[in-house]
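A quick write-up on the structure given underneath.
Chains as they are written, first to last, in full-length UniProt numbering: chain A, 1 to 336; chain B, 1 to 336; chain C, 1 to 336; chain D, 1 to 336.
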């Protein structure tokens, strides 16, 4: 069976579910066997385009008998249940982030995942971005000596709708959580979190007591310091940069431009429409690479996929940042 | 019939034919009806993957009755015959460049194409590169005032095999011809060609009396001057740049980098593996955009596709450059 | 007297004193009348090269009768006394930063300076760097809308000698103080300081309980957030960058490269020896522009020079950062 | 005498003469002894500022007895006579380019210079630009393998007055001559010149039968090809770039920007006022370095200064380019 394509059940056919469906269809080692969504028309449209049988009942895929892997892209509140069902069924699962907004629900599932021996991966796709992955590998190879400062700039193009903000769990659990995972990709042992939040422009954030602007400082066990700079909007477009500063040099990831053209005039040099729209464009390769890595993991290999523990740690950091920003105190965290 | 996908016959299933097959399959307005190649296994493999019926006889597609458009990606020596068959059958045709290596064969077909009223497009795909197309549109819009100097740098990563060089028609007809079309995309009326060729590194070129290094200067009717700088190799990788210099400013197209990562150390700032491998990577979007433009043309619209006349003009410039470089004389050309 | 060059007394002829002497000599509106240093050979060498009379007694210049302005470049511990003497003598004074390491000494002088009506400027030269000054002016002109996030990266090339660290007052009062003044140049009303410090590489810092690595977050009254990232060393060379992020765009100051040359090979694009050595090179224009601004101020005009109050506010922020990093608590500050 | 500063006589106090005067005054190994100009007020103003005695008679300096070196910055028509006088007097001379506009006058002086043993240097200052000099040294060191293509882009900010054009000798002898010397700095043995000229925008050029736009192709004995792209104007500002393309890589000199600031908005990334005004700004370091090199040469050492023979060769190339552009024929040149 090792050579046959891995038969996926996709649960959830929203924007990100469709990305995964296309990647499964395009990956020679994967095939789409089931597509589940309570909005069954969505499931049918995806199945028609990318293959597989449609169902409105996610539970069906765990008992179908022809599923080698589950990809969970349904709403956050369903993640814990679906991961548990996959683990119980012995089927490797790749679940979109976060595991849950409530750490107690995550902790309740933790022991089972730890002992089951079933691969559980979290969809922190940025680990698979070629640029970030390259920098992490080169830092690990010692190219810049000891890592002393990691700076992550991550700004969304525009604030989400107020209704989304209301259920998002707040900027730290919803948006910064990607940056927490990236920080831990480089420096897994974070011991202290200091966060500053402001609400400067987004009425949705203001209405729900959330921040739209945040700076988070993390202290690693090694003494290295991580700085995360977030904004819910960016007039410039999606802004995704990283700088790893070490004792022997510095590795930087520039924001990705979509244009090779520049205009020079008497007053300026100008490049138009410079950056990617949003994460679906910016991280297209990352989603495909994440899928390949998960396939390898599901087949018994190793991968750089975020684990259940990584997902839990990112949520712990988000909770700590929320507490720090609200209570205006650094928060000590333990990596265990 | 305007809303149904255009049914393509693809003739030729080599490297570039496969690119076109994939683009036809991916384009919602196109579908692959026939795949022809005397090497019928190639035709079958493409048809299996991207759709359509396979045949070893190109002629079959012109009489099949279910073909709305022909895409010719077979060897250069077959182009004139296949364009003629398409025109006789009244089927729009997109033919890879060049029309032929022999201007007399091109001229023999010229009158029929001019009067038939059947769309004939040449595959000068670089016109559809987003960056080059943007610069041309902005020059046309007057952003840099009058166009005075156009500089095109075009270097292949490595010299082709000697066997290819032998039948290529020489560097000007094989490689520079893309740059001649690009020059005419900006400045259609070229009146004089001066070319300097050298043979510095490629034994294949030396064996066949060809150049591996060339600089061509074109004078446009307006007095504007075009400079084309070519090399058959580039240690740096595929090198494709353009600079339009005008009375009010300058528009530049940078070479396309594949990396966002830079390393800074005490001695240098360095970006690794910087450029695209070759034309299939660099011009992937251009091939897809060219197909979309041709579909519009085949449906009775207009397009920026190179016409048969454009293809003939590019060959005239290549012939003139060959004569200029060999006889060490500028060559006057007429655009008619 | 408005047209005659301003007659300067320079007190202190160390590295930075010599820079000021050269700028005074080169400025058509200034001339060097006195050079004072207890190490009188230093004073004589400067006077021989740039003009003026040498003395080993700073007090002499305040009574000489031919001094229009005093430039204090002597050790920090002498600043308060010399500023007071200048104010008492009614002579405008430009004093190197910081006013003092002890806020109580600063506060003791504060009322006199506030009421004396004698121009007192602090040598925060970076305000006069053409790039930083341009960004501040463009932010003030509304080019990026409301300023939401200001990010300052400031890294020295190498840690100072341990003996210097011992008397420096710590990284925040010695190094970050420039960044505090820069932060206040954009956002004068800072209300909260959070600092994280680490000691990662510098034995001098370790021996004296200082940090060599720091990240400081400032909250402005407007809710805007400033992030300052410091390191006492940088393998890359002197690293001085700034990013002003606003609701309508972003203004960035790149690190200054000293080379126009790049090498492209099969594996990399590389620029050698990229950055300025240290502040004397990087801020050469800034020192000259600062002098011009001070001359205008001394003549009764206005300037962007840091005032005594600005110097005090920067020290307050440094004290707050020291407390925050040591006690691991945010510190509320008042701008008054 | 080797340790005493070299005593210079400066002949000519126009724009470039003043640059040399300032550099002589600033160079510890040089001093200004005489300043000669028939417009004696100009000579006096320079002498007052930078030292030396003023005279309206250039001949005086050759007999004064206290002159170790002559710097000729007077009009081109005086160069041959003044070089001859310096050679006759046994005084090393650095003469601004070109030697003369008439090759017969140059040839008449050639034998005397060749046999006299007196250092004669031509003021092709760009050889001493740090970037160009670095690229040349790295090419010579083999960093890019065999040099195959050299591309020089050189555009002035604005066309000179018509009166200047009338006596300039034409674009090739006046402007391109710098590029010819730069070409020969890399590839001394040029064997063929092809030039294309256009007159597109400058009425002065049109009135005097000159070109304002030119492209010159040079073939070196090695087969390497040099391309020079010139314009008498540039909306962008002074445009000075070079690209050395070799079998193993490419070295590039970027145009020099004066700004570190960039603005990013929703539509563009923009850097303002990007380039140097003109040669006095762009090549300030080059003039100073040229002077240092000439001092070394005058003291019996070696230097990279252009020699009389280099100056003659550049003029031969300019003459060949003029003939080629006018007669529309490549011109074979001999390096002897």
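No residue lacks a Cβ here, since even glycine has one placed at the ideal position from N, Cα and C.
Count the other C-beta atoms from every protein chain shown that fall within 10 angstroms of the C-beta of residue i, then say buried if there are 16 or more, exposed otherwise.
i	result
residue 279 (chain A)	buried
residue 167 (chain A)	exposed
residue 276 (chain D)	buried
residue 48 (chain A)	exposed
residue 1 (chain A)	Reliability of the predicted coordinates at residue 1 (chain A) is poor, the pLDDT of 43 falling under 50, and no value is obtained from them.
residue 77 (chain B)	exposed
residue 238 (chain A)	buried
residue 226 (chain B)	buried
residue 57 (chain C)	exposed
residue 65 (chain D)	exposed
Could you check what DSSP says for residue i in three-state terms: helix, strand or coil?
i	result
residue 239 (chain B)	strand
residue 1 (chain C)	Because residue 1 (chain C) carries a pLDDT of 43, less than 50, the predicted location of this residue cannot be relied on, and the following value inherits that uncertainty. Note: residue 1 (chain C) maps to coil in three-state DSSP.
residue 7 (chain B)	strand
residue 317 (chain B)	helix
residue 230 (chain D)	strand
residue 31 (chain D)	strand
residue 336 (chain A)	Model confidence at residue 336 (chain A) stands at a pLDDT of 49, short of 50, so the residue's coordinates are unreliable and nothing is read from them.
residue 248 (chain A)	coil
residue 272 (chain C)	strand
residue 117 (chain A)	coil
residue 218 (chain C)	strand
residue 110 (chain C)	helix
residue 325 (chain B)	helix
residue 59 (chain C)	helix
residue 260 (chain A)	coil
residue 200 (chain D)	coil
residue 192 (chain B)	strand
Assuming contact is defined by CB atoms lying nearer than 8 Å, are residue i and residue j in contact in what I supplied?
i	j	result
residue 171 (chain B)	residue 242 (chain B)	no
residue 16 (chain C)	residue 291 (chain C)	no
residue 109 (chain D)	residue 84 (chain D)	yes
residue 261 (chain C)	residue 134 (chain D)	yes
residue 321 (chain D)	residue 176 (chain D)	yes
residue 221 (chain C)	residue 195 (chain C)	no
residue 41 (chain D)	residue 269 (chain A)	no
At a CB-CB cut-off below 9 Å, which residues of chain A make contact with residue i?
i	result
residue 265 (chain B)	143, 144, 248, 249 and 250
Against residue i, what residues of chain D qualify as contacts under a CB-to-CB distance less than 7 Å, listed in chain order?
i	result
residue 321 (chain B)	Per Cβ cutoff of 7 Å: no residues; residue 321 (chain B) is ~12 Å from chain D at best.
residue 134 (chain C)	261
Would you mind telling me which residues of chain A sit closer than 7 Å to residue i, beta carbon to beta carbon, in chain order?
i	result
residue 204 (chain D)	What residue 204 (chain D) touches in chain A: nothing, since even the nearest Cβ is about 21 Å away.
Give me the Cβ distance between residue i and residue j, rounded to the nearest whole Å; I'm assuming they're in contact under 8 Å.
i	j	result
residue 338 (chain A)	residue 68 (chain A)	Because chain A in this structure spans residues 1 to 336, residue 338 (chain A) falls outside the shown range and cannot be described.
residue 61 (chain A)	residue 11 (chain A)	7 Å
residue 244 (chain D)	residue 144 (chain D)	6 Å
residue 36 (chain D)	residue 43 (chain D)	6 Å
residue 330 (chain A)	residue 165 (chain A)	The Cβ separation is near 26 Å, so there is no contact.
residue 333 (chain C)	residue 228 (chain C)	That belief does not hold up - the Cβ atoms of residue 333 (chain C) and residue 228 (chain C) are roughly 15 Å apart, past 8 Å.
residue 247 (chain A)	residue 201 (chain C)	6 Å
List the residues of chain G whose Cβ lies closer than 9 Å to the Cβ of residue i, in chain order.
i	result
residue 236 (chain A)	The chain labelled as chain G is not found among the protein chains of the depicted structure, namely A, B, C and D.
Show which residues of chain B have a CB atom less than 8 Å away from the CB atom of residue i.
i	result
residue 149 (chain D)	213, 215, 229 and 231
residue 256 (chain C)	Those do not exist, as residue 256 (chain C) stays about 13 Å from chain B at its closest Cβ, beyond 8 Å.
Could you list which residues in chain A have their beta carbon closer than 8 Å to that of residue i, in chain order?
i	result
residue 105 (chain D)	The contacting residues do not exist; residue 105 (chain D) stays about 40 Å from chain A at best.
Taking Cβ-Cβ distances shorter than 9 Å, what residues in chain D pair up with residue i?
i	result
residue 223 (chain B)	198, 199, 200 and 213
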